[in-house]
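Asker:
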Amino acid sequence: QDMLVPMKCLQQALHTFQNDIHVYPIWLCPFI
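Reading the sequence shown from the start, the letters are residues 888 to 919 in our numbering.
1) According to DSSP, simplified to helix, strand and coil, what is L915?
2) Taking the alpha-carbon positions, what's the D889 to P912 distance?
3) Measure how close the beta-carbons of L901 and F918 come, nearest whole angstrom, since I'm counting them as under 8 Å.
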C-alpha cells in the first residue's frame, strides 16, 4: 500500500501504522 503522508503528520502516521494497521516493512521515501 502506498501512502502520501505530510511531514507534519509523519510521527502520528508511523504510530498508527505500527499499532493499528500493522504495516511492515515501512519504506520511507521523500516526495519532492
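Don't be surprised by glycine CBs; every beta carbon is placed ideally from N, CA and C.
Answerer: Taking the definition as stated:
1) In the sequence shown, the residue the question calls residue 915 occupies position 28. If DSSP states are grouped into helix, strand and coil, L915 belongs with coil.
2) Within the sequence shown, the letter at position 2 stands for residue 889. Within the sequence shown, the letter at position 25 stands for residue 912. In this structure, the straight-line span from the alpha carbon of D889 to that of P912 is close to 12 Å.
3) For the purposes of this step, residue 901 is identified with residue 14 of the sequence shown, where counting begins at 1. For the purposes of this step, residue 918 is identified with residue 31 of the sequence shown, where counting begins at 1. At roughly 16 Å, the Cβ-Cβ gap does not stay under 8 Å, so L901 and F918 are not in contact.
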